[in-house]
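Residue numbering for the sequence shown follows the numbering used here, starting at 186 and increasing by one per position.
Just below is one structure, and these are the notes that go with it.
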Amino acid sequence: MDFPALVAALMSNDNATRKQAEASYEAFKAEQPQTLVANLVQLLRAAPEPEARAFAPVLLRPLLEVKAGVYTQLDAAAQATLKAQLLEAVATEPVAHIRRKLGHLIAELAAISEKFEQPWPELLNAVSALTTNADALLRVTAFDLLAKLAEYVGNLLAPHKESFLTLFTNSLNDANGEVQIASLKAASAFLLTLEDKQELSAFAIIIGPMLRIIEVLVNSGDEVAFREVLSALVQIAEVHPKFFRNSLDDVARAMIFVCSSQELDSETRELALEFLISLCENAGGMVRKSQFIVTNVVPLVIQLMCEVEEDETWVQKFDDPETFTEANDADNSISDAGAAAIDRLST
Numbered sequence: 186m187d188f189p190a191l192v193a194a195l196m197s198n199d200n201a202t203r204k205q206a207e208a209s210y211e212a213f214k215a216e217q218p219q220t221l222v223a224n225l226v227q228l229l230r231a232a233p234e235p236e237a238r239a240f241a242p243v244l245l246r247p248l249l250e251v252k253a254g255v256y257t258q259l260d261a262a263a264q265a266t267l268k269a270q271l272l273e274a275v276a277t278e279p280v281a282h283i284r285r286k287l288g289h290l291i292a293e294l295a296a297i298s299e300k301f302e303q304p305w306p307e308l309l310n311a312v313s314a315l316t317t318n319a320d321a322l323l324r325v326t327a328f329d330l331l332a333k334l335a336e337y338v339g340n341l342l343a344p345h346k347e348s349f350l351t352l353f354t355n356s357l358n359d360a361n362g363e364v365q366i367a368s369l370k371a372a373s374a375f376l377l378t379l380e381d382k383q384e385l386s387a388f389a390i391i392i393g394p395m396l397r398i399i400e401v402l403v404n405s406g407d408e409v410a411f412r413e414v415l416s417a418l419v420q421i422a423e424v425h426p427k428f429f430r431n432s433l434d435d436v437a438r439a440m441i442f443v444c445s446s447q448e449l450d451s452e453t454r455e456l457a458l459e460f461l462i463s464l465c466e467n468a469g470g471m472v473r474k475s476q477f478i479v480t481n482v483v484p485l486v487i488q489l490m491c492e493v494e495e496d497e498t499w500v501q502k503f504d505d506p507e508t509f510t511e512a513n514d515a516d517n518s519i520s521d522a523g524a525a526a527i528d529r530l531s532t
């Protein structure tokens, strides 16, 4: 079988060609699963076209899911080869979005290995090596992968908390801004895996670097990355709000500044507001002890409720029911968020 041609047919825009290829692929999977996996790994490692290399992880992921049963049909040598090849691929693949796909695949494979009680010590060794790679883009990949591992196999990372504390303390101060952001997201994901209060409190030293990253992002113009960072911090506020206890006023001050910055997108400001409200909902006793928050959050929310973007055509839109309804008025988003926040604070 000409496997590269089969994959090309699977990616074809022609329905008839693609359906015929899908039938051939399903037959190949049923009859020769080990050969299929080997061919996909070879495609991933050697295909000159980025599109083909990107498609290989997409095909491998469902194959390796536990319910598919393909992984258990691989012999021990094939399983070991698969793991080694994926770790080599993520360290050598030149295209960033393909490395991200590989990271997802590796995290899923780690979860499968855990389910079948198969140690994979090379995994953390490989990730650790990537975190110190001279290429900043590969360091970003390392922390993206760590974030995924925290999501899929967090219990395997938790025993190494001392090493991760050292790692994040350094990486949050990396000379490269993209590495800092990826590190913050990975650190946030890792913190969600911890349960012991003392373990969490040891990581409080990384809050300062996190706040410095927020300060840089406020003025960076990269609000997509900023929202990713804020979303990660919101998750901590929901699960471990008391993590911020010793820096509560500083964190709140930063989030209030973001909420108040009208030059930022509404979605960005709403995430900062969500962080504050999540703290209030999940650690009310702690928040009430902060005079700064008590004094500033309610006025902030009222300010947001009253905020209306200047629009000279607003009156005309309001007068024409065919062009204006409250449901499709995007300008109201931040004021609506403020109103929702008041409701949540009052309960």
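Yeah, the Cβ is synthetic: ideal placement off N, Cα and C, and Gly gets one too.
Computed from a prediction, not measured in an experiment: that's the story for all the values here.
Ignore the nearest five residues each way along the sequence and tell me which others in residue i's own chain have a CB closer than 8 Å to its CB.
i: residue 317; result: 324
i: residue 263; result: 219, 222, 223
i: residue 354; result: 390, 391, 394
Please identify the residue among the options whose C-alpha is closest to the C-alpha of residue i.
i: residue 482; options: 282, 333, 393, 444; result: 444
i: residue 292; options: 332, 283, 302; result: 332
i: residue 278; options: 327, 401, 244; result: 327
i: residue 386; options: 430, 419, 343, 402; result: 430
i: residue 417; options: 344, 298, 460; result: 460
i: residue 402; options: 259, 473, 366; result: 366
i: residue 529; options: 255, 465, 201; result: 465
i: residue 258; options: 420, 217, 425, 329; result: 217
i: residue 307; options: 265, 215, 435, 409; result: 265
i: residue 256; options: 447, 241, 214; result: 214
Please return the same chain residues whose Cβ sits closer than 6 Å to the Cβ of residue i, not counting the five positions on each side in sequence.
i: residue 363; result: 325
i: residue 399; result: 439
i: residue 523; result: 486, 489, 490
i: residue 511; result: Confidence at residue 511 is low in this model, with a pLDDT of 49, below 50, so its placement is unreliable and no value can be given for it.
Assign residue i to one of three DSSP states: helix, strand, or coil.
i: residue 490; result: helix
i: residue 555; result: With the chain covering only 186 through 532, there is no way to say anything about residue 555.
i: residue 512; result: At residue 512, the pLDDT of 45 sits below 50, so the modelled position is not reliable and the matter cannot be decided from this model.
i: residue 424; result: helix
i: residue 440; result: helix
i: residue 196; result: coil
i: residue 363; result: helix
i: residue 349; result: helix
i: residue 280; result: coil
i: residue 404; result: coil
i: residue 303; result: coil
i: residue 521; result: helix
i: residue 224; result: helix
i: residue 319; result: coil
On the criterion of 16 or more Cβ atoms from any shown chain inside 10 Å, does residue i qualify as buried, or is it exposed?
i: residue 251; result: exposed
i: residue 288; result: buried
i: residue 204; result: exposed
i: residue 356; result: buried
i: residue 473; result: exposed
i: residue 347; result: exposed
i: residue 370; result: buried
i: residue 477; result: exposed
i: residue 480; result: exposed
i: residue 436; result: buried
Tell me which same chain residues have a C-beta within less than 7 Å of the C-beta of residue i, skipping the five on either side of it?
i: residue 226; result: 267, 270
i: residue 274; result: 229, 230, 287
i: residue 297; result: 249, 251, 256
i: residue 192; result: 228, 237, 240
i: residue 457; result: 415, 440, 443, 444
i: residue 334; result: 292, 295, 342
Can you determine whether any heavy atom of the ligand ZN sits closer than 8 Å to the C-beta of residue i, and answer yes or no?
i: residue 372; result: The ligand ZN is absent from the structure shown, which contains no ligands of any kind.
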